[in-house]
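Chemist: Below is the structure I would like to discuss, written out as structure tokens.
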Amino acid sequence: MNIQLGMVVLDVRDLDASIEFYRRLGLDLPDPFPDRRVCLFRMASGVSIVLLEDFSAANDPTWRRPTTNSYQMLLEFVADDETGVDERWFALTGAGHHGRKAPGRDGGIYSALVDDPDGNVLMISADPSARPDRDPPA
């Protein structure tokens, strides 16, 4: 059986602030659909990112937004090189977004960690092995 990740859905507090953040990251996000507050962007890798408001609460009465400064997942965005990591780090932290780890090399991978407006943690890396257009290691 072949199964692949097709979409990452982020339930956000403020759709406009999230769109601005991810555009600053370097994604060419479109404006939300005119008839509903949803932003859908398909990356070159084939994986789509969906930003929407209040989906979880509307569909799961037991859902509660995670508390501040806690996370169970990490989204990794792969830049072309270390300069790309640095540029995105400074664009995001310069706009007031919380930086968790400044750009640097840990375990051989050059990366930085930054929070999006909802506290989701993003790793921005220059890890060639993680690029979606490369074959996975054997």
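Once you know that position 109 of the sequence shown is 125 in the working numbering, the rest is easy, because the numbers rise by one and skip nothing.
Cβ atoms here follow ideal geometry from the backbone N, Cα and C, with glycine treated the same way.
S72 bridges to which residues according to DSSP?
Modeler: If you number the sequence shown from 1, residue 72 lands on position 56. Paired residues: none, contrary to the question.
Chemist: Figure out for me which residue from G110, L138, G100 has the closest Cα to the Cα of V116.
Modeler: Taking the first residue of the sequence shown as 1, we reach residue 116 at position 100. The residue asked about is misnamed: residue 116 is Arg in this sequence, not Val. Here the closest residue by C-alpha is L138.
Chemist: Helix, strand or coil, according to DSSP, for G34 in the structure here?
Modeler: As a working mapping, residue 34 is identified with position 18 in the sequence shown. Note on identity: in this sequence residue 34 is Ser, with Gly being the wrong assignment. Looking at S34 - three-state DSSP - the assignment turns out to be helix.
Chemist: So, does the region 69-77 touch the region 95-115, judging by three or more C-beta pairs under 8 Å?
Modeler: no
Chemist: Are the beta-carbon atoms belonging to L26 and I65 less than 9 Å from one another?
Modeler: Numbered from its first residue, the sequence shown carries residue 26 at position 10. Numbered from its first residue, the sequence shown carries residue 65 at position 49. Going by C-beta atoms, L26 is nearer than 9 Å to I65.
Chemist: State the DSSP-derived secondary structure class of L45, mapped to helix, strand or coil.
Modeler: Here residue 45 corresponds to residue number 29 of the sequence shown, with the count starting at 1. Looking at L45 - three-state DSSP - the assignment turns out to be coil, as it is neither helix nor strand.
Chemist: Assuming contact is defined by CB atoms lying nearer than 9 Å, are A95 and F37 in contact in what I supplied?
Modeler: Position 79 of the sequence shown holds residue 95. Position 21 of the sequence shown holds residue 37. Going by C-beta atoms, A95 is not nearer than 9 Å to F37.
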